[in-house]
Amino acid sequence: MPCSLPAMCDAQRMSWSGDTRPAMKSPLAAIAVPETTRVFLLDIEGTTTPITFVKDILFPFIRENLEEYLSAHWEEDECKQDVHLLKKQAEEDLRQNKACHVHAVDQTVHTDEEKAIREVVEGVLWQMAADRKSTALKQLQGHMWRAAYMTGRIRGEVYQDVVPAIRRWRREGLKVFIYSSGSVEAQKLLFGYSVEGDLLDLFDGHFDTNIGAKVESKSYENIAERIGCQPEQIMFLTDVTREAKAAEEAGVSVILVVRPGNMELTEEERSHYRVITSFSQLELSGNV
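All letters in the sequence shown, in the order written, are residues 3 to 290 by our numbering.
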């Protein structure tokens, strides 16, 4: 079972076998933030939030509750819109000859509604298994998570170093935005219903794949334009090197974040990018 709180995870990682005392930590190397920086742009999964939260809590919740959710909300306008977008996505995949779900007739369903719901369920599960990041999929997931957050079934997790660092950046006059493949609504739910309370006042805005894919440099140019600054005034924190490369190509400064469970970096990647294991390593100097 994954840790339910970042603090619990930290305690488990620090404990010695047969000893409850915390392990000694070596000092973390400080990294100076360029003086031109006016904006921090943050990824979520593996950067502000443990990958285990997304992989072991959020995604399983969708798989385990999808059919029940659709059955309960099938006639509601919001659910109808979600289903419509999913069907449009499937049609677009067919037009572009992309890999897509092939529906097999299910003999266990007896009504047209049951059949339609089962087709949506199978399509969504296929997209999730294929690690698709379509806007249609993310929108439905966001609506399901909203219900779970609001009823207390889920609480968003953040690393312990994240909130103090962001508060410090904001005190120094810097702006902070989120850019994630998860929908803006899903982002706001995670931070609005977090284990540390409502954190939405920490952020100046949110971006998702509607602004563009995270592995395309044009997306970061679009974000800079939307914020009203130059790309070189943005510092992007992510754990994904493909995203880092795209941001770098757009002229954005990049920091790679290494957290427990994140993808291992190659020696070449470590030598090319500045790397941190905690937001507390970032030092501001003359950024106001």
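Just so it is clear, CB atoms sit at the ideal spot from N, CA and C, and this is done for glycine as well.
query	result
Among Val256, Ala150, Ala149, Arg276, nearest to Thr39 - alpha-carbon criterion	Val256
Of the residues Ala215, Phe179, Val186, Pro166, the one placed nearest Glu198, counting alpha carbons only	Pro166
Alpha carbon of Asn224 to alpha carbon of Gly214, nearest angstrom	8 Å
Minimum C-alpha distance to Val186 - residue among Ile33, Ala31, Leu44	Leu44
Supposed contact pair Tyr181 and Phe209 - C-beta distance, whole angstroms, cut 8 Å	4 Å
Euclidean distance between Cα positions of Thr54 and Pro262	9 Å
Cβ contact (3+ pairs, closer than 8 Å) linking the region 137-145 and the region 81-91	yes
Start and end residues, beta strand (DSSP E) containing Gly207	207-209
Sequence-distant residues of its chain with Cβ nearer than 7 Å to Tyr275 (five each side left out)	Ala246, Val256, Leu258
Nearest-angstrom Cβ-Cβ length linking Leu239 and Ile33, presumed shorter than 8 Å	In fact, because the Cβ distance is near 11 Å, the residues do not count as touching under 8 Å.
Beta-carbon contacts of Pro233 that lie in its chain and below 7 Å, excluding the five residues immediately before and after	Tyr222, Glu223, Ala226, Ala252, Gly253, Val254
Inter-residue CB distance, Thr279 and Val260 (contact presumed, cutoff 8 Å)	5 Å
Spatial neighbours of Arg157 in its chain, beta-carbon cut-off 7 Å, leaving aside the 5 residues before and after	Tyr195, Ser196, Val197
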